[in-house]
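Asks: So the sequence shown is numbered by this note's numbering: it starts at 15 and just counts up by one. Virtual Cβ for every residue (Gly too), placed ideally from N, Cα, C. Let me begin by handing over the structure; questions about it come next.
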Amino acid sequence: MDPNQRIDLLERRVRALTATLILTVAAFSVITLGAQSRPADNLRVREITVVDAQGTERVWIGAPVPDPIENGRRVARKGAVSGVILLDAKGNERSGYVTSDGSGEVFMSLDSERGQEALFLMNPGGGGHLSIYDAAKNQAEIGIVRGRPTVRLEDKGQVIFEQ
Numbered sequence: 015m016d017p018n019q020r021i022d023l024l025e026r027r028v029r030a031l032t033a034t035l036i037l038t039v040a041a042f043s044v045i046t047l048g049a050q051s052r053p054a055d056n057l058r059v060r061e062i063t064v065v066d067a068q069g070t071e072r073v074w075i076g077a078p079v080p081d082p083i084e085n086g087r088r089v090a091r092k093g094a095v096s097g098v099i100l101l102d103a104k105g106n107e108r109s110g111y112v113t114s115d116g117s118g119e120v121f122m123s124l125d126s127e128r129g130q131e132a133l134f135l136m137n138p139g140g141g142g143h144l145s146i147y148d149a150a151k152n153q154a155e156i157g158i159v160r161g162r163p164t165v166r167l168e169d170k171g172q173v174i175f176e177q
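What follows is the structure in C-alpha cells.
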C-alpha cells in the first residue's frame, strides 16, 4: 500500500471514530436529560417548608408540623398535629388543615393576627362543630354533639342562647 492510500485509509478511520464519538456523546446527553426530567414516583419526607422571596416561611407541610409562631415568636402548640399550616407575610400562623396526632380529630382553623377565630372540627367517631369567636369572648357555635344538633351563642363569655 502506497503512502497516499494509507493516509486516505487513516483519514476515513479518524472520521468514523469522530462520528462515533459525537453520536455517543449525543446519546448520553439525551439519556441524561430524559432521566432528569422524569418525576420521582414517591417522595418521603417528614416536613416541607415553603418560603417566599424574602425567605419568610409561608407554608408548612409536616407530620407533625412545628409549633406555631404568634407575633414573631414560637409558642407551644396544645398538642401535636400533622397536616398543612399557612403563615402570613410576617411568618405568623394564620390557618391550618390538620389531624390531631393524639385525639384523631380533623380540623381547619382560621386565625387573625391575635389568635384563632374560627374552627371547623370533626371527631373521629362522628359529629363535630363550627365555632367562630373573638378576643372579647364572643362565640357562635353550631354542631352535632353526642348525636344531637346544638347551637350555642355567647356574648362576652356569657351564654345568651343554647339549644
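Just to confirm the assignment, what range does the beta strand (DSSP E) spanning ARG128 have?
Replies: Where ARG128 is concerned, there is no enclosing beta strand (DSSP E), given that its DSSP letter is neither H nor E.
Asks: Could you tell me the alpha carbon to alpha carbon distance between GLN6 and VAL65, rounded to whole angstroms?
Replies: Any answer about residue 6 is impossible in this case: the structure gives the chain only from 15 up to 177.
Asks: How do the segment 85-103 and the segment 65-75 stand: do at least 3 beta-carbon pairs fall below 8 Å, yes or no?
Replies: Taking 8 Å as the limit for Cβ pairs, the verdict is that the segment 65-75 does touch the segment 85-103.
Asks: What does a CB cutoff of less than 7 Å around LEU31 pick up in its chain, not counting 5 residues either side in sequence?
Replies: Correct list: empty, nothing qualifies.
Asks: Taking the C-alpha atoms as reference points, what is the distance between PRO17 and ALA33?
Replies: If I take the Cα positions, the gap works out to 24 Å.
Asks: Note the first and the last residue of the continuous beta strand (DSSP E) segment covering VAL59.
Replies: Unbroken run through VAL59: none, as it is neither H nor E.
Asks: Please identify the residue among LEU144, GLU119, GLY139 and PRO138 whose C-alpha is closest to the C-alpha of GLU131.
Replies: Ranking LEU144, GLU119, GLY139 and PRO138 by Cα distance to GLU131 puts LEU144 first.
Asks: Where GLU119 and ARG160 are concerned, what is the direct C-alpha to C-alpha distance, given to the nearest angstrom?
Replies: Taking the straight line joining both Cα atoms gives about 15 Å.
Asks: Assuming GLY171 and THR164 are in contact, meaning their beta carbons sit under 8 Å apart, how far apart are those beta carbons, in whole angstroms?
Replies: Contact doesn't hold; Cβ gap of about 18 Å is too wide.
Asks: Quick check: the Cα distance between GLN68 and ILE83, rounded to an integer number of angstroms?
Replies: Looking at the two C-alpha atoms, the distance is approximately 17 Å.
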